[in-house]
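*Asks:* In the numbering used here, the protein residues as written are -3 to 82.
Every residue, glycine too, gets a C-beta built ideally from N, C-alpha and C.
Nothing here was measured: the structure is a model prediction, and the numbers come from that model.
I'd like to ask some things about the structure below.
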Amino acid sequence: MNEIKEMTQTEKVFDMLSKNTFVCGVSFQQEYIPTYAQRISELNAKNSDYIITGQKCSMPNHSHKGNVFMYSMVRKEVGSDQISFF
Ligand SMILES: [Zn+2]
């Protein structure tokens, strides 16, 4: 049986970020997620294990007229923000 689970837009954003090193904002728009920036802030607020950051798109063959960001998701290192004196 082929069961296709329909993802929410937030899940779709997470899925795309987990499968690609960088995801351009235009790619989210092509997946019909015009509010991707808001979905990304929701994911950042919800996930403590991952952090999604954006930077100006520099992907090959992308020549955007305006400022378009590409996003990457990295796993937070456990304890990276803790200072140990031992
Ligand atoms: Zn781009």
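Got a sec? Which residues, its chain only, sit under 6 Å from Met69 by beta carbon, not counting five neighbours each side?
*Replies:* So the qualifying residues of the chain are Leu13, Tyr46, Ile48.
*Asks:* Give a yes or no on contact between the stretch 34 to 45 and the stretch 54 to 63, applying the rule of three or more CB pairs nearer than 8 Å.
*Replies:* As far as the Cβ criterion goes, the stretch 34 to 45 does not touch the stretch 54 to 63, which means the pair count is below three.
*Asks:* Rounded to whole angstroms, what is the Cα-Cα separation between Phe65 and Gln51?
*Replies:* Those two C-alpha atoms are separated by around 5 Å.
*Asks:* Can you say whether Tyr32 is buried or exposed, counting buried as having 16 or more other CB atoms within 10 angstroms of its CB?
*Replies:* Per the 10 Å Cβ criterion, buried.
*Asks:* Assuming Ile29 contacts Lys42 under a Cβ cut-off of 8 Å, what Cβ separation, rounded to an integer in Å, is found between them?
*Replies:* Not confirmed; about 16 Å, so no contact.
*Asks:* For ligand 1, enumerate in chain order all residues having a CB closer than 6 Å to any of its heavy atoms.
*Replies:* Cβ atoms closer than 6 Å to ligand 1 belong to Cys20, Val22, Cys53, Met55, His58, His60, Val64, Met66.
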